[in-house]
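Please read the structure below before turning to the comments.
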Amino acid sequence: MSVIDTVEFFQVLYPAETEGNTYVWTLPEKYTRVFPCANALEIAQAARQETEAHNDVYYSVGVSERPFRAYERAKSSDIVSIPGLWVDIDIAGGAHAAKALPPDYAAARALLPEMLDPSMVVHSGHGLHVYYLFRELLDTRTDEERSTAEELLRRLQGAVRARAAEQGWRVDSVPDLCRILRVPGTLNYKGGEAVPCMVTEYSEGLRYNAEDFDVLPPVEMVSKTERTETFERRPTDGDAQVMLANCAFLQHFQQNYKTLPEPVWKAACTNLVRGVGGEAIILPLVKEWLGAKYSEEDTKKKLAHYLNECTPQTCTHIQTDLGFKGCADCPGIKSPCAWSLGKVPQAIAKLRQIALPNAENTLNEETLGALALVKKENSLEYMRFKERCKGNVNLNDLQREVKRVQASQ
266 MSVIDTVEFF QVLYPAETEG NTYVWTLPEK YTRVFPCANA LEIAQAARQE TEAHNDVYYS
326 VGVSERPFRA YERAKSSDIV SIPGLWVDID IAGGAHAAKA LPPDYAAARA LLPEMLDPSM
386 VVHSGHGLHV YYLFRELLDT RTDEERSTAE ELLRRLQGAV RARAAEQGWR VDSVPDLCRI
446 LRVPGTLNYK GGEAVPCMVT EYSEGLRYNA EDFDVLPPVE MVSKTERTET FERRPTDGDA
506 QVMLANCAFL QHFQQNYKTL PEPVWKAACT NLVRGVGGEA IILPLVKEWL GAKYSEEDTK
566 KKLAHYLNEC TPQTCTHIQT DLGFKGCADC PGIKSPCAWS LGKVPQAIAK LRQIALPNAE
626 NTLNEETLGA LALVKKENSL EYMRFKERCK GNVNLNDLQR EVKRVQASQ
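No gaps in the numbering here: position 90 of the sequence shown is 355 in the working numbering, and each next residue is one more.
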């Protein structure tokens, strides 16, 4: 049973004097309804109506000022303040395909840092939403303020994720200020069986200042995912298959996509979709994963969003936030898509795909052009290829031809 009801939940988050809006958002309709934060009763009534209609009901934790259209959601730049910090911990079970998760509520709860008690814990039905509320809403209007808030979220979530990793478990990184979370007092329909979402813990009066989180270790900042310009295809862009051939993370995604959580999908898709033919790689995976629920139109819209409104998620994010440990031997690569889009990575990939060098596949203009560029930009990779040529390619001829091509570049 919930320790506080839905109205009280929103009153705790947003005091009566709070200026600005939140919104209720539903699945599968993806419908948005905007409300002043101070109207806790109206928000709760809307959430109740939606859950009775068998919809999953979410709300925007962050406060915004502009109205949103019926099927629109906020971006991080729209958020002007947040009531606190949050952690989202999935629990193993039928609703989550990923297996490396805490087995139950107690195990998930034990991942929280001992020195910081949560203000509120919500059992979402298949996981925990943990809130650390501020004494006053934290402003996020400027780039500097947003960066500060995101860093606090990363530090808190990073501490939890580090403890989870010690147990071999995964906790998603969700530091985006436009994060939506489930509304307590509604039903969680994910997985087929309706289960309640409820507030299980509430410590009245337990509030924090931003500096209280200085006890947490810092984490490496990663690049933001929102873009200000749309993606523009260039004639030099390479095939997405080049990414797959050279990126261990994308290979991991392709082999295990059915059991991977949404942040891993996003990291993979924001990169793959940038290579030529990337969409054609992703669509069959989504279709097989979703089965009867698959919509090609909706999937293409999502991929267009990843392409034009998000930046490709970085290798640092993939390793630090997503916890992928398989990365190795990627010279100068900051995001997987660089294998298909970057001039030097494309050249390195060209050399790596030559399994057994010989005069025919090496002493041609295409390979020599790649060698000339790699010799200039990555001498180690050049020497590796040259070593592979021994006994198969005349090295004097190779050096002479590379020098010739370099002179013309």
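Where a beta carbon is used, it is the ideal one built from N, C-alpha and C, also for glycine.
- Within 10 angstroms of the beta-carbon of K615 lie 16 or more other beta-carbons, which makes it buried.
- Short of 6 Å from the beta carbon of I619, and not among the five residues preceding or following it, lie these beta carbons of its own chain, in chain order: N626.
- For the pair A624 and R338, the Cα-to-Cα distance works out to about 57 Å.
- Put simply, the backbone Cα of N659 is about 11 Å away from that of E666.
- Around the beta carbon of Q422, a 10 Å sphere encloses 16 or more other beta carbons of the protein chains shown; the residue is thus reported as buried.
- Its chain contains K590 and C592 as the residues whose beta carbon lies nearer than 8 Å to that of Q584, once the 5 sequence neighbours on both sides are disregarded; these appear in chain order.
- Per DSSP, the unbroken alpha helix (DSSP H) holding N573 starts and ends at E561 to N573.
- CA-CA distance, A305 to Q276, rounds to 6 Å.
- In the assembly as shown, D479 is an exposed residue. Its beta-carbon has fewer than 16 other beta-carbons within 10 Å.
- Judged by DSSP secondary structure, M463 falls outside any alpha helix (DSSP H) and instead within the beta strand (DSSP E) spanning M463 to Y467.
- Excluding the 5 residues flanking it on each side, Y454 has same chain C-beta neighbours closer than 7 Å at H319 and D321, in chain order.
- Within the same chain, and ignoring the five residues on either side of R374 in sequence, the residues whose Cβ sits closer than 8 Å to its Cβ are V386 and L393.
- In the structure shown, F496 falls within a coil segment according to DSSP collapsed to helix, strand and coil.
- Looking from the CA of P440, the closest CA among F650, I354, Q516 and T465 belongs to I354.
- A contact is defined here as three or more CB-CB pairs under 8 Å, and the region 390–408 meets this definition with respect to the region 334–351.
- Relative to the Cα of A513, the nearest Cα in the group K668, W604, A357 and D504 belongs to W604.
- In the structure shown, T501 falls within a coil segment according to DSSP collapsed to helix, strand and coil.
- For Y323, the pairing in a beta bridge is given by DSSP as W290 and R447.
- Under the DSSP definition of a beta bridge, D477 lacks any partner.
- Here A505 has L537, G540, V541, G542, G543, I546 and S605 as same chain residues with Cβ atoms under 7 Å from its own Cβ, once five neighbours each way along the sequence are excluded.
- Inter-residue distance for T283 and T451 is about 24 Å (C-alpha atoms, whole angstroms).
- In the three-state reduction of the DSSP assignment, P577 falls in the coil class, being assigned neither a helical nor a strand state.
- Look at I598 here: in three-state DSSP terms it is coil, with no helix or strand label.
- Assignment of beta strand (DSSP E) within the region 387–417, counting only whole runs of 3 or more residues, yields 392–404 in chain order.
- Residues of the same chain with a CB within less than 8 Å of the CB of V551, apart from the 5 flanking positions on each side, are Y559 and T564 in chain order.
- In the DSSP secondary-structure assignment, I354 is bridged to L393.
- Boundaries of the beta strand (DSSP E) harbouring T297: T297 to P301, taken from the DSSP string.
- Taking the Cα of R334 as reference, the smallest distance to any Cα among I356, E307 and F300 is reached at F300.
- Proximity to D586 across P526, G634 and L636 peaks at P526, based on C-alpha coordinates.
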